[in-house]
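Peer 1: Using this note's numbering, you'd call the opening residue of the sequence shown number 71 and step up by one each time.
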Amino acid sequence: MAKKTRGKTFWQHIRFKYKLSILNEKTLEEAWAFRLSLLSAIWAGLALFAVAVFLVSTLIVYTPIKNFLPGYLDVNARKDIINNALKIDSLENLIQTQEKYLTSVKSVLKGDIKLDSISTIDSLANIKPEELKASEGELNFRKEYEEEEKFNLSIQPKQINRMESVAFIRPVKGVITKKFNPAQKQFGISVTTPPNSPVMAALEGDVILCGRLENGTEFIQILHPEGYVSIYKNCSRILKNPGESVRTGEAIATTAPLSGNKTALPVVIELWHNGKPVNPTQYIVF
Numbered sequence: 071m072a073k074k075t076r077g078k079t080f081w082q083h084i085r086f087k088y089k090l091s092i093l094n095e096k097t098l099e100e101a102w103a104f105r106l107s108l109l110s111a112i113w114a115g116l117a118l119f120a121v122a123v124f125l126v127s128t129l130i131v132y133t134p135i136k137n138f139l140p141g142y143l144d145v146n147a148r149k150d151i152i153n154n155a156l157k158i159d160s161l162e163n164l165i166q167t168q169e170k171y172l173t174s175v176k177s178v179l180k181g182d183i184k185l186d187s188i189s190t191i192d193s194l195a196n197i198k199p200e201e202l203k204a205s206e207g208e209l210n211f212r213k214e215y216e217e218e219e220k221f222n223l224s225i226q227p228k229q230i231n232r233m234e235s236v237a238f239i240r241p242v243k244g245v246i247t248k249k250f251n252p253a254q255k256q257f258g259i260s261v262t263t264p265p266n267s268p269v270m271a272a273l274e275g276d277v278i279l280c281g282r283l284e285n286g287t288e289f290i291q292i293l294h295p296e297g298y299v300s301i302y303k304n305c306s307r308i309l310k311n312p313g314e315s316v317r318t319g320e321a322i323a324t325t326a327p328l329s330g331n332k333t334a335l336p337v338v339i340e341l342w343h344n345g346k347p348v349n350p351t352q353y354i355v356f
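1. Which of the three DSSP states is assigned to residue 188 in this structure?
2. Buried or exposed, going by whether 16 or more other CB atoms sit within 10 Å of the CB of residue 304?
3. From the DSSP output, which residues share a beta bridge with residue 167?
4. If you measure between the beta carbons of residue 316 and residue 292, is that distance less than 8 Å?
5. Among 297, 326, 318, which residue has its Cα nearest to the Cα of residue 308?
6. How should residue 217 be labelled, buried or exposed, when 16 other C-beta atoms within 10 angstroms of its C-beta is the threshold for buried?
7. On the premise that residue 354 lies in contact with residue 238, defined as a C-beta separation below 8 Å, what is that separation, rounded to the nearest angstrom?
8. DSSP three-state label for residue 88, please.
9. Can you find the residues in the same chain that come closer than 7 Å, C-beta to C-beta, to residue 297, ignoring five residues on each side of it along the sequence?
10. Applying the 10 Å Cβ sphere with the 16-neighbour rule, what's the burial state of residue 91?
11. So residue 94 packs on residue 101, CB below 8 Å; how close in whole Å?
12. What number of angstroms, rounded off, separates the C-alpha of residue 187 from the C-alpha of residue 320?
13. Taking C-beta to C-beta, are residue 339 and residue 258 nearer than 8 Å?
14. Hey, which unbroken runs of the beta strand (DSSP E) at 3 residues or more fall wholly within the segment 279-337?
15. Out of 284, 267, 289, which has the shortest C-alpha to C-alpha gap to residue 277?
16. By DSSP, does residue 101 sit in helix, in strand, or in coil?
17. Locate the beta strand (DSSP E) running through residue 47, then write down its first and last residues.
18. Using alpha carbons as the reference points, say which of 248, 266, 295, 268 lies closest to residue 351.
19. Spell out the partners DSSP gives residue 162 in its beta bridges.
20. Just curious, the beta strand (DSSP E) that residue 247 is in, first and last residue?
21. Could you give the first and the last residue of the continuous alpha helix (DSSP H) run that contains residue 269?
22. Along the chain, where does the alpha helix (DSSP H) that runs through residue 121 open and close?
23. How many angstroms separate the CA atom of residue 273 from the CA atom of residue 214?
24. Can you check DSSP and say which residues form a bridge with residue 343?
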C-alpha cells in the first residue's frame with residue numbers, strides 16, 4: 071500500500087499544474103496567465119530537442135557542411151583529390167619549362183646570347199670575279215664528263231625520279247609582294263617578312279657564295295642536290311660561310327631590321343635549276 075501511495079503521489083506531483091500569471095502593477099489585474107505541469111514541460115522539452123536534431127541533421131545532409139565532418143569523405147573522393155594535386159604539380163613544372171624555353175628564345179632573338187656560327191664576312195665583298203672562274207683543269211673535266219654522258223639514256227629516268235623526290239620548305243614567313251617574272255628580270259620572288267626574323271635553308275646543301283649587295287644588304291647562295299641553287303638576298307646578317315654544309319630548315323641568315331621609315335626590305339628568294347631560273351612558288355608552298 072505504501073508503494074502504490076508513493077506511485078500515485080509521484081504521478082500526481084508531475085501532473086500537478088502550476089499557474090504562471092502576469093499582473094498589472096497599477097490595478098493588480100491579471101493580464102496573462104499560463105498553466106503548465108511538470109509532465110507537459112518534459113514533453114515540450116523532448117519535442118524541442120527532436121526538432122533541433124531534425125534541423126541539424128537536415129542542415130548537415132543537404133549542405134556542404136558535411137564535408138567538414140571527420141571521416142565523411144569516401145575513398146574515391148580522396149583519390150580524386152590526390153590525382154588533382156599531382157596534375158597541378160605536373161602543370162606547374164611544364165609551365166616553368168616553357169617559360170625557360172621562351173626566355174632563351176627571346177634572348178637569342180634580341181642578341182643577348184652570341185651564336186657560335188655567326189661571323190662577319192666583310193672580306194667577301196672584296197672578292198674579284200676573276201678569282202671565281204674555273205681553272206683549266208676543271209673546264210677539261212667538265213668537257214670530258216659531258217661528252218661521256220651525252221648519249222647515256224639510262225640516267226634520265228633516275229634524274230626524273232630524284233627531282234620528284236626533292237621537297238623544299240618555306241625559308242621565310244611573310245607575304246609575297248613581287249612574283250616571278252623573267253621578262254622584267256625578276257628572277258625570284260620578293261617576300262615581306264618581320265624584321266630580324268630567321269631565314270632558313272629551303273633544302274640541304276652546301277654554301278657556295280656569300281657577299282654584299284649594292285644596297286648594303288647581304289646575300290647567300292646554296293647548292294642543293296640535282297643541280298638546284300637557291301639564292302637569298304636582302305639579308306642583314308649571314309650565319310654561314312662558304313663551304314659549310316647546311317640542313318633543311320637550318321637558319322642561314324636573318325632578315326633586315328627596321329629602317330628610318332619603319333619598314334624592312336623584302337627578302338628576295340631565287341631558285342635556279344641547271345643554270346636556268348625557275349619559279350620558286352612551283353616548288354615551295356608559301
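Think of the CB as a built atom: it goes at the ideal place given N, C-alpha and C, for glycine as much as any other residue. Computed from a predicted structure; not experimentally measured.
Peer 2: So, from the listed chains and residues:
1. For this step, residue 188 is matched to residue 118 along the sequence shown. Only weak support is given to the placement of residue 188: the predicted model assigns it a pLDDT of 43, under 50, and the question is left unresolved by the model.
2. Here residue 304 refers to the residue found at position 234 of the sequence shown. Residue 304 is buried by the Cβ-count criterion.
3. Residue numbering aside, residue 167 sits at position 97 when the sequence shown is read from its first letter. Residue 167 is not bridged to any residue.
4. Translated into the one-based positions of the sequence shown, residue 316 becomes position 246. Translated into the one-based positions of the sequence shown, residue 292 becomes position 222. Taking 8 Å as the Cβ cut-off, residue 316 and residue 292 qualify as a contacting pair.
5. Residue mapping note: residue 308 aligns to position 238 of the sequence shown, counting from 1. If we check each option's Cα against that of residue 308, 326 comes out closest.
6. Taking the first residue of the sequence shown as 1, we reach residue 217 at position 147. Classification of residue 217: exposed, given that the 10 Å Cβ count is below 16.
7. Position 168 of the sequence shown, counting from 1, holds the residue named residue 238. Position 284 of the sequence shown, counting from 1, holds the residue named residue 354. Indeed they touch by this definition, with Cβ atoms about 5 Å apart.
8. Taking the first residue of the sequence shown as 1, we reach residue 88 at position 18. Of the three classes helix, strand and coil, the one that applies to residue 88 here is strand, per DSSP.
9. Counted from its first residue, the sequence shown places residue 297 at position 227. The residues are 343, 344.
10. Here residue 91 corresponds to residue number 21 of the sequence shown, with the count starting at 1. The residue in question, residue 91, is exposed, as its Cβ has fewer than 16 Cβ neighbours within 10 Å.
11. For this step, residue 94 is matched to residue 24 along the sequence shown. For this step, residue 101 is matched to residue 31 along the sequence shown. In this structure, residue 94 and residue 101 form a Cβ contact; the two beta carbons are roughly 5 Å apart against a cut-off of 8 Å.
12. Here residue 187 corresponds to residue number 117 of the sequence shown, with the count starting at 1. Here residue 320 corresponds to residue number 250 of the sequence shown, with the count starting at 1. For residue 187, the pLDDT reaches just 44, beneath the cut-off of 50, and the residue's location in the model is therefore unreliable, although a value from the coordinates is still provided. If I take the Cα positions, the gap works out to 12 Å.
13. Residue mapping note: residue 339 aligns to position 269 of the sequence shown, counting from 1. Residue mapping note: residue 258 aligns to position 188 of the sequence shown, counting from 1. In this structure, residue 258 lies closer than 8 Å to residue 339 by Cβ.
14. Counting only runs of 3 or more residues that sit fully inside the segment 279-337, the beta strand (DSSP E) segments are 288-293, 298-308, 321-325, in chain order.
15. Against the sequence shown, residue 277 aligns to sequence position 207. Considering only alpha carbons, the answer is 289.
16. Taking the sequence shown and counting its residues from 1, the one referred to as residue 101 is at position 31. Under the three-state reduction of DSSP, residue 101 is assigned to strand.
17. Any answer about residue 47 is impossible in this case: the structure gives the chain only from 71 up to 356.
18. Mapped onto the sequence shown, residue 351 falls at position 281. Ranking 248, 266, 295, 268 by Cα distance to residue 351 puts 248 first.
19. Locating residue 162 in the sequence shown gives position 92, where the first residue counts as 1. Looking at the DSSP assignment, residue 162 forms no beta bridge with any residue, so it has no partner.
20. Within the sequence shown, residue 247 is the residue found at index 177, counting from 1. Per DSSP, residue 247 belongs to the beta strand (DSSP E) from 245-248.
21. As a first step, residue 269 is located in the sequence shown; it is residue number 199 there, counting from the start. Residue range 268-270 is occupied by the beta strand (DSSP E) that includes residue 269, with no alpha helix (DSSP H) assigned at that position.
22. Position 51 of the sequence shown, counting from 1, holds the residue named residue 121. Looking at the DSSP string, the run of the alpha helix (DSSP H) that includes residue 121 is 108-131.
23. Taking the sequence shown and counting its residues from 1, the one referred to as residue 273 is at position 203. Taking the sequence shown and counting its residues from 1, the one referred to as residue 214 is at position 144. The C-alpha of residue 214 is placed about 29 Å away from the C-alpha of residue 273.
24. Translated into the one-based positions of the sequence shown, residue 343 becomes position 273. Per DSSP, 298, 346.
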